[in-house]
Amino acid sequence: MVGGGGVNDATLASSFDIERIRRDFPILAQTVRGKPLVFLDSGASAQKPRAVIDAMVRCMEERYANVHRGAYFLSEAATEAYEAARGAVARFLNAADPREIVFTTNSTAAINLVAHSWGRGVMQPGQAVLISELEHHANIVPWQLLRDDKGIALRVARVTDSGEIDLDDVAAKLADGKVGLVAMAHMSNVLGTVAPVERIIRMAQAAGAKVLLDGSQAAVHRRVDMQALGADFYVFTGHKLYGPTGIGVLWARLEHQERMPPFLGGGDMISMVTMERSEWAPPPAKFEAGTPPIIEAVGLHAAIDYVSAIGMPAIEAHERQLVDHAMRRLTDIDGLTLLGRAQDRGGVFAFALDNAHPHDLATLLDRAGIAVRAGRHCAEPLHSRFGVEGGTVRASFGLYTTAQEVDFLAEALTKAREFFA
Amino acid sequence: MFDDLRDLYQEVILDHGRKPRNFRRLEDADRVARGDNPMCGDRLELFLKLAPDGSIADAAFQGRGCAISTASASLLTETVKGKSQEAAHALSDQFRTLAMTGACPECGATLADEMERLQPLSGVHEFPSRVKCATLAWHTLNAALDAAPGQIKEASSE
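Below is the structure:
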């Protein structure tokens, strides 16, 4: 369930102390090319608060050893910390059971795990996977590989001109009952569109399909609740949630995990090995072959504690105000085309200027201390859909982004357009 | 706000970026190559028409890209016209040195005029993420020169 907003936004946002929050992120204090850093690329990877940095250092200085191995103090302490991180993720997602949490290296690895173990192990040739035009490459390519390998069709639901999933097209593509899995982004990393996932899940379930949601963007911006949502698989990544790189999460129902064959084979995922055969460890260990990202799990735990202390509803309310502000400022700029005008959207804006190529624009903005991303943001089909093969510039917000930074961006864009005039 | 960027975006670059020269297909081209920087989406097609003695009689390009890659391709077509294939190869090597380091100490006097024309692009060396924008056309030139007649070679500066 996506947290409802509106009524309490003002109250929530007023309790949100942005200056204190910014002081929690050491990197934000620096200047770039003599200008204060305006970091508007959190959608690619977010900055890290002191609490995360310190937790990881403390883990390495005081509590580090391999997990699930030694009967000695440090290994037991590290195992406890690693499993505590699993518990924290389970609470963050309101999962029914911590065993539903599988640690991976990132969202891409989590989607590939499902494409491999569910796609190849459970789905049957003749079935189909339904994605949409707005997916990140991480939610396209694994399904193309599955299609080519296993004879499972890949269907693509259209996106409307306003940048929303075309639900009529979803219904049409579910109608023959052949779709075994719907795999869609909860929130677009380009358009900012938040998909109507509750409706999509109901439609999929009525058509007999399972649902995977790519929460890489959404889980950062909103409270997500696995028990309320009713999806089958949900993935997100640590580094976009103010945690470290190298750790991601797959939430998968236990009954699905039971049916799925392992993805990677190796240590930690077995209960018995002989030269002839092996038996798998129970979920989720079955999907965690090899030494896991231990320090990263501790970092992710700290990140979850950090955002939870602020509160996801407060983060969402702050962002809602920023989005409204950015919408006003950006649409005011002559010659600027914004991709997508979804009703329900988060703090991601992709746009193009009429007289400046995205890369030239990004170079200019960098001179003003503003970090944005230029290109196609791992969503080439979506850029083709909107006829901007040359790419866009993307500004994406974090919980530390301020209205003043949005103003800096708008002013710099206006001046950039004059520069290229 | 952007005054210090005038070194990178000199008037010559902005002009060629806005109004690229020789921006057309050569239907009777003897050598064709495609350049593609998949990470940024820049893409161009370079056409060469050869004279009976093998030198470059005409050069043209089409495609899409930023001001720097478009200006670089535009200046390329102007500077290689009339050159022998060997001289075009040499110019390409020298230009890439210029784009990556900002200077070309090894550049001989033979191509001095051409290098001077390309000098406005030397500013990219201070922008590591943009060097490949300037060099894409030149990688594509090498591919075109190495292409067999009728073949379309692919190039990239990634």
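Chains Z and E supply the protein sequences, listed in that same order.
So that you can map any letter, position 127 of the first sequence is 127 in UniProt numbering, and since no number is skipped, the others follow by simple counting.
So that you can map any letter, position 98 of the second sequence is 98 in UniProt numbering, and since no number is skipped, the others follow by simple counting.
Glycine is no exception: its CB is placed at the ideal position from the N, C-alpha and C atoms.
Here the structure is a predicted model, which is why all the values come from computation and not from measurement.
query	result
From the DSSP output, which residues share a beta bridge with W143/Z?	Answer by DSSP bridge pairing: none, since W143/Z is not bridged.
Between G123/E and chain Z, is any beta-carbon pair separated by less than 7 Å?	no
From what residue to what residue does the alpha helix (DSSP H) around F2/E run?	Neither: F2/E is in no alpha helix (DSSP H) and is coded neither H nor E.
Would you kindly report the start and end of the unbroken beta strand (DSSP E) that includes V156/Z?	A153 to A157
Is R259/Z buried or exposed, if buried means 16 or more other CB atoms sit within 10 Å of its CB?	exposed
Taking 6 Å as the limit between beta carbons, can you name the residues of its chain near D354/Z, skipping five residues before and five after?	G335
Under DSSP, the alpha helix (DSSP H) around R96/E begins and ends at which residues?	Q85 to T101
Just to confirm, is the Cβ distance from A218/Z to V182/Z under 7 Å?	no
Less than 7 Å between CB atoms is the rule here; does G4/Z satisfy it with respect to chain E?	Note that G4/Z has pLDDT 44, beneath the 50 cutoff, so the model's placement of it is unreliable and the number below is only indicative. Judged by the 7 Å Cβ criterion, G4/Z is not in contact with chain E.
Name the chain Z residues whose beta carbon is nearer than 8 Å to that of L5/E?	T363, L364, R367 and F419
Counting only beta-carbon separations shorter than 7 Å, does A137/E have a partner in chain Z?	no
At 7 Å on the CB atoms, spell out the chain E contacts of A128/Z, in chain order.	In chain order: nothing, as chain E lies at least about 28 Å away.
Going by alpha carbons, who is nearest to R147/Z out of H136/Z, K173/Z, D168/Z and H116/Z?	H116/Z
Tell me which residues of the region 62-95 of chain E have at least one Cβ-Cβ distance to chain Z shorter than 9 Å, keeping chain order.	R64, G65, C66, A67, I68, S69 and T70
Closer than 7 Å, CB to CB, is F2/E near chain Z or not?	yes
Contact defined as beta carbons within less than 8 Å: I believe residue 422/Z pairs with G208/Z. What is the distance between those atoms, to the nearest angstrom?	Outside the shown range of chain Z, which is 1 to 421, sits residue 422/Z, and nothing can be said about it.
Smallest Cα separation from D97/Z: which of D161/Z, A281/Z, G266/Z and E255/Z?	E255/Z
Within 10 Å of its beta-carbon, does Q151/E have 16 or more other beta-carbons around it, so buried, or fewer, so exposed?	exposed
Run down chain E in chain order and give the residues with a C-beta less than 7 Å from the C-beta of R376/Z.	G41
For Q257/Z, tell me which candidate among V122/Z, L213/Z and T331/Z has the shortest Cα-Cα distance.	V122/Z
Is there a Cβ from chain E that is less than 7 Å from the Cβ of H136/Z?	no
Using the Cα positions of K115/E and P105/E, report the straight-line distance between them to the nearest angstrom.	It is worth fixing the name first, because residue 115/E is Met in this sequence and not Lys. About 11 Å.
Hey, how far is the Cα of G4/Z from the Cα of E164/Z?	Unreliable positioning characterises G4/Z in this predicted model, as indicated by a pLDDT of 44, which lies under 50. The coordinate reading is nonetheless provided below. Their Cα atoms are separated by approximately 19 Å.
Residues of chain Z with CB under 9 Å from C104/E, in chain order?	The contacting residues do not exist; C104/E stays about 23 Å from chain Z at best.
Go ahead and pull the three-state DSSP assignment for K35/Z.	strand
Measuring straight from C-alpha to C-alpha, what distance separates I27/Z and A303/Z?	16 Å
Excluding sequence positions up to five away, which residues of its chain have a Cβ less than 7 Å from the Cβ of R158/Z?	E133, D166 and D169
Using a Cβ cut-off of 7 Å, which residues of the region 393-413 of chain Z contact any Cβ in chain E, in chain order?	A412
If you run the structure through DSSP and keep just helix, strand and coil, what is R64/E?	strand
Which residues of chain Z have a Cβ atom closer than 8 Å to the Cβ of R130/E, listed in chain order?	H359 and T363
Determine the DSSP secondary structure at E405/Z, reduced to helix, strand or coil.	helix
Should K415/Z and M39/E be called a contact, given that it needs their Cβ atoms to be closer than 7 Å?	no
Of all the options A29/E, I56/E and V80/E, which has the alpha carbon lying nearest to the alpha carbon of D113/E?	V80/E
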